[in-house]
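S.K.: Chains as they are written, first to last, in our numbering: chain A, 199 to 651; chain B, 199 to 651. By construction, the Cβ of each residue, glycine as well, lies at the ideal position given by its N, Cα and C atoms.
(1) Which partner residues does residue 652 of chain B have in the DSSP bridge list?
(2) Just to confirm, is the Cβ distance from residue 343 of chain B to residue 330 of chain B under 9 angstroms?
(3) Taking the beta carbon of residue 372 of chain B as the centre, do at least 16 other beta carbons fall within 10 Å, making it buried, or is it exposed?
(4) I'd like to confirm the pairing. Which residues does DSSP put opposite residue 376 of chain B in its beta bridges?
(5) Please tell me whether residue 512 of chain A and residue 525 of chain B are closer than 9 angstroms, where the distance is taken between their beta carbons.
(6) Would you mind stating whether residue 640 of chain B and residue 528 of chain B have Cβ atoms separated by less than 9 angstroms?
(7) Straight-line CA distance for residue 202 of chain A to residue 363 of chain A?
(8) Quick one: what does DSSP say residue 504 of chain B is sitting in, helix, strand or coil?
(9) Within its chain, find whatever has a CB closer than 6 angstroms to the CB of residue 467 of chain B; leave out the 5 residues flanking it on each side and keep chain order.
(10) Could you tell me the alpha carbon to alpha carbon distance between residue 358 of chain B and residue 620 of chain B, rounded to whole angstroms?
(11) Considering Cα atoms alone, identify which of A:384, A:257, A:314 is closest to residue 228 of chain A.
(12) Please go through the same chain and pick out, in chain order, the residues whose beta-carbon is closer than 6 angstroms to the beta-carbon of residue 431 of chain B, but skip the five residues on each side of it.
(13) I want to know whether the region 251-268 of chain A touches the region 279-299 of chain A - three or more CB-CB distances under 8 angstroms.
(14) Which residues in chain A have a C-beta closer than 9 angstroms to the C-beta of residue 230 of chain B? List them in chain order.
(15) Mind checking residue 648 of chain B: buried by the 16 CB within 10 Å criterion, or exposed?
(16) So, at 7 angstroms on beta carbons, what are the nonlocal neighbours of residue 300 of chain B in its own chain, with the 5 sequence-adjacent residues on each side left out?
(17) Which value, in whole angstroms, describes the spacing of the CA atoms of residue 323 of chain A and residue 226 of chain A?
(18) Note down, in chain order, each residue of its chain lying with its Cβ closer than 6 angstroms to the Cβ of residue 490 of chain A, except the 5 sequence neighbours on either side.
(19) Determine the direct distance from the alpha carbon of residue 451 of chain B to that of residue 458 of chain B, and round the result to whole angstroms.
(20) Grab the span of the beta strand (DSSP E) containing residue 435 of chain B for me, first residue to last.
(21) Residue 395 of chain B touches chain A at which residues, Cβ-Cβ below 8 angstroms?
(22) What does residue 649 of chain B reach in chain A if we use C-beta pairs closer than 9 angstroms?
(23) Which class does residue 550 of chain A belong to by DSSP, given the choice of helix, strand or coil?
(24) Just how far apart, CA to CA, sit residue 419 of chain B and residue 588 of chain B?
(25) Distance, Cα to Cα, residue 444 of chain B vs residue 306 of chain B?
(26) Assuming residue 393 of chain A and residue 355 of chain A form a contact by the criterion Cβ under 8 angstroms, report the distance between their Cβ atoms to the nearest whole angstrom.
(27) What does a CB cutoff of less than 8 angstroms around residue 271 of chain A pick up in its chain, not counting 5 residues either side in sequence?
(28) Just to make sure I have the definition right: I need the residues of chain B whose C-beta is within less than 8 angstroms of the C-beta of residue 595 of chain A. Which are they?
(29) In or out: residue 540 of chain B buried (at least 16 other Cβ within 10 Å) or exposed?
(30) Assuming contact is defined by CB atoms lying nearer than 9 angstroms, are residue 347 of chain A and residue 375 of chain A in contact in what I supplied?
(31) For residue 234 of chain B, count neighbouring Cβ atoms within 10 angstroms of its own Cβ and tell me buried if that reaches 16, exposed if not.
(32) Using a cut-off of 8 angstroms between C-beta atoms, extract the partners of residue 391 of chain A located in chain B.
(33) Using a Cβ-Cβ distance cut-off of 9 angstroms, determine whether residue 201 of chain A contacts chain B.
(34) Using a Cβ-Cβ distance under 9 angstroms, would residue 547 of chain A count as near chain B?
(35) Beta-carbon within less than 7 angstroms of residue 565 of chain A's beta-carbon, same chain only, minus the 5 sequence neighbours each way: which residues are those?
(36) Drop a sphere of 10 angstroms on the beta-carbon of residue 200 of chain A, count the other beta-carbons inside from all chains shown, and report buried for 16 or more, exposed for fewer.
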């Protein structure tokens, strides 16, 4: 067994052990097992259980971990768990959270709880929290924490070292101190590694790294992730439009952004809310899938009407009905390959008005080549089954044409969605398939009507 | 304009400026612009250019950045660039790279270059490199660097501080020192933040964190990423099966793993190699897409043969030909939603033999509900167009049945692929669509043959 399979087995066994202990009612044992887990693991576990068992387990979680676990479960499950909690429990759950996490959680809590939490904070803490809440969740401002440790450029490292020792514990994921001037304007960073290896007589200004730029609080989470990835950052300072320090973003939050983005595209491509609860009630799950199902039905009806316009042709040559799905399916497959390529290139900012046309020509070239190769194969098979040379030629030609349409649509649909300010990863695939289905039927049955009837 | 759109615009403008400067032949200017960029940005830029311009630009990149840029471009482009370089240039490009990055790059270089690089290293460095090369690229061992800084438990923090100052510069992304015994066995970590804030008279053993587990070198990259994500790590020690320290993994490499995984699933779902070069030659791009196209053709032929078995039925009622794609399309859409859900749950280790049946029942319930709701809608439309009550009933029933088949296949196909040791994200979608197409035609035309003819 590969190491990966072994690991997954381990995780599955863990889940299994939990459900068995739960069903057996060995609650003390479950509580002990549970409290040995990391909050993220508890969250995965809760997601994998049906609601009745989930609620039993949730009761057993150490109240100290409640907040962290709530942050790690998906939106649907979080809403469920929050609904099951009393107001005091919710207020208690918010204690001890990082400010950015607290801000995220608060956005999902009932107003009464938010009021209570804000009320129970000291003025400085509240001001900081409000600074984070002022920015949308998916911006640098929404991701930031305000637990920065700042130093001035004119003090010596020795002073900084003594200050840190005096201060005691540093915030998690502190890899550098932030250097500011006396107006709290960002100047640069002093990495802890440099602090540790430089001579203590030097001043901060002499050692600090001025080349690290701060992040604008209005920058999107996606762009923040790209900056962290490209520059291998652990943390970065966040500033307002005037360069005044607001807080800092740490890599753990960035990793969450990246994961979420990835899950969203994957689920979104299939027409699902990112956060569907595995065990949501059936009627809720069903509704979750209606929007795309409805769109899909509409496009299927359009294709159906196109076919029915050729009912006379099909009536005269029923073989067409058996062959037409091949033209549509191959077009959809090819077009979706182009869509995937363009969506990725768009995400990396690699498509410009300048090279879009070139990309289109490339993809059209690929389609032409694939059309000729596979069109011949398909035509040959059609001939084998129906012994009609003209039918084989019509079939092959329809395939070439539909592949060209697929290339065109595969490039233009994501570009158009992007142009309209929408996420090209979400609607492209369904629109592409709608196009290649309808056009595939139209081209094939159209050619057949002209040349075969 | 939103901040995100503005950022993307900026990136696009940058690309545009480059292509214009390149075409205008203002090479000095291009060189200057280029060297202001981060290697990752240069890599994105190279990927977005067609080969002739790409090669001109590549010549202008500062040779010092060559190695880093090669690491950041995708496999296809990397192979191209490597082919364009002389042996000495390649050897020079490997200089100054982190050991894990060097190992990655070496795997793609010609043997002569590898020999030269190994030959030019000192014995200690070479031994370390060989330790990394001994593990596959996608394991903890393949991801690790051997630039660890270790300390013993019995020394005081003061000694450690003096040692670090003497040593000078620390490796990038050092957030903790690794504590080992005199046999180089891993014991725990000493976070730099604790080193800075604790009393210098304490010993390492008194301050160190023993709760942080080391990572087994054989663990898969995917599992490593999950550990980093769940535990908010910046770096982690890597050990062999005996607990002996081998090296450490840093978060930057983990972020790359996460990104790559995400891209791979997205491209893989469409049947593309993850790393297709946007501007690869047409014949190469075309071939890249053949494997899945071929599979798709085979499944389309199967569906076609199923339809042709009912040619007699269609000949008597041509409306069936127009309606049958609706049954197939809606089944495919629904099934792919289930596939996406199961693939995500599998990736999180949330599917166990115990809850798989429950999940299946849930999804079947959703299909039944959606089938009744949308089957009625579809049946109504069919009646509107063809004024045949029996046809409408057959249509609605076929939809319900095909949605149930879709739910069943949507759960079982990814589970089976996983059971066979394959990545469920890759083949599931195409197999699902093949099933819902074929079964959709079979059920609809079968029912029609029984009840309408």
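M.R.: For this structure:
(1) Outside the shown range of chain B, which is 199 to 651, sits residue 652 of chain B, and nothing can be said about it.
(2) Yes, the Cβ-Cβ distance between residue 343 of chain B and residue 330 of chain B is below 9 angstroms.
(3) With at least 16 other beta carbons inside 10 angstroms of its own, residue 372 of chain B counts as buried.
(4) Beta-bridge pairing by DSSP links residue 376 of chain B to B:348, B:387.
(5) Taking C-beta atoms as the reference points, residue 512 of chain A and residue 525 of chain B fail to come closer than 9 angstroms.
(6) For residue 640 of chain B and residue 528 of chain B, no; Cβs fall outside 9 angstroms.
(7) The predicted position of residue 202 of chain A is uncertain, since its pLDDT is 49 and thus under 50; a value taken from the coordinates is nonetheless stated next. For residue 202 of chain A and residue 363 of chain A, the distance between alpha carbons rounds to 43 angstroms.
(8) Residue 504 of chain B falls in the helix class under three-state DSSP.
(9) Here residue 467 of chain B has 627 as same chain residues with Cβ atoms under 6 angstroms from its own Cβ, once five neighbours each way along the sequence are excluded.
(10) Residue 358 of chain B and residue 620 of chain B: Cα-Cα distance of roughly 48 angstroms.
(11) It is A:257.
(12) Within the same chain, residue 431 of chain B has no close Cβ partners at all.
(13) A contact exists between the region 251-268 of chain A and the region 279-299 of chain A.
(14) Result: empty, since nearest Cβ-Cβ is about 17 angstroms, beyond 9 angstroms.
(15) Burial call: exposed.
(16) So the qualifying residues of the chain are 292, 327.
(17) Computed Cα separation, rounded: 38 angstroms.
(18) Result list for residue 490 of chain A: 469, in chain order.
(19) Take the alpha-carbon of residue 458 of chain B and the one of residue 451 of chain B: they are about 11 angstroms apart.
(20) Under the DSSP assignment, residue 435 of chain B falls in the beta strand (DSSP E) whose first and last residues are 433-437.
(21) For residue 395 of chain B, the chain A residues whose Cβ falls inside 8 angstroms of its Cβ are 362, 363, 365, 366, 367, 368, in order along the chain.
(22) Simply none; closest approach about 19 angstroms.
(23) In the three-state scheme derived from DSSP, where H, G and I count as helix and E and B as strand, residue 550 of chain A is classed as coil.
(24) For residue 419 of chain B and residue 588 of chain B, the distance between alpha carbons rounds to 56 angstroms.
(25) Their backbone Cα atoms lie some 24 angstroms apart in a straight line.
(26) Contact between residue 393 of chain A and residue 355 of chain A holds, since their C-beta atoms are separated by about 6 angstroms, short of 8 angstroms.
(27) Here the set comprises 241, 244, 245, 279.
(28) Among the residues of chain B, none has a CB under 8 angstroms from the CB of residue 595 of chain A; the nearest is roughly 16 angstroms distant.
(29) With 16 or more Cβ atoms within 10 Å of its Cβ, residue 540 of chain B is classed as buried.
(30) Cβ distance < 9 angstroms, so residue 347 of chain A and residue 375 of chain A count as in contact.
(31) Burial is judged here by how many other beta carbons sit within 10 angstroms of a residue's own beta carbon; residue 234 of chain B has fewer than 16 and is exposed.
(32) Correct list: 367, 368, 372, 390.
(33) Confidence in residue 201 of chain A is poor, its pLDDT being 46 and thus under 50, which makes the residue's placement too unreliable to answer from.
(34) Chain B contact via Cβ: present.
(35) Counting only Cβ-Cβ distances below 7 angstroms, and skipping sequence neighbours, we find 532, 601, 602, 604, 605.
(36) Per-residue confidence for residue 200 of chain A stands at a pLDDT of 45, beneath the threshold of 50, marking its modelled position as unreliable; no derived number is given.
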